[in-house]
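According to the working numbering, the stretch in the sequence shown is residues 1 to 89, in order. Written out below as structure tokens is the structure these notes cover.
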Amino acid sequence: MQSSEVPSYSLSKQAGWLKVIAGNFGELSSAIPSYTNQFIYHLHLERNKLFSLETSSEMEYAAFLPLEDGIINDQEYQKGELVYFKMEA
1 MQSSEVPSYS LSKQAGWLKV IAGNFGELSS AIPSYTNQFI YHLHLERNKL FSLETSSEME
61 YAAFLPLEDG IINDQEYQKG ELVYFKMEA
């Protein structure tokens, strides 16, 4: 799969973009077959911009910060960290 074949979505207010590597985002679907509800997104946020993702209490989520430090849910994380979000009981 070439980069140009990966579905992408421009975030509102020029906040950045999201590419759907696997799974779905809204009406966008990756060409990679998916047999579960799992998804992988490549998210690029411009400095000082926000992104919000509606979540389900039945799924687990994680984020990786490859290039920059970031703030997720009001907590600071360092670049290179894998942030895991626990399911709520």
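All C-beta atoms, glycine included, are put in the ideal place defined by N, C-alpha and C. From a predicted model like this one, the values you see are computed outputs, not experimental measurements.
Closest in C-alpha terms to Ile40, from the list Phe64, Leu50, Ser57, Lys13, comes Phe64. The shortest C-alpha to C-alpha distance from His44 to any of Trp17, Leu67, Thr55 is the one to Trp17. Distance from the CA atom of Met59 to the CA atom of Gly23, rounded to whole angstroms, is 14 Å. Bridge pairing for Lys19: Ser8, His42 [DSSP]. Taking the Cα of Asp69 as reference, the smallest distance to any Cα among Gly80, Ala62, Tyr61 is reached at Gly80.
Counting the other CB atoms within 10 Å of its CB gives Ser4 a total below 16, which places it among the exposed residues.
The secondary-structure analysis by DSSP pairs Ile71 across a beta bridge with Glu76.
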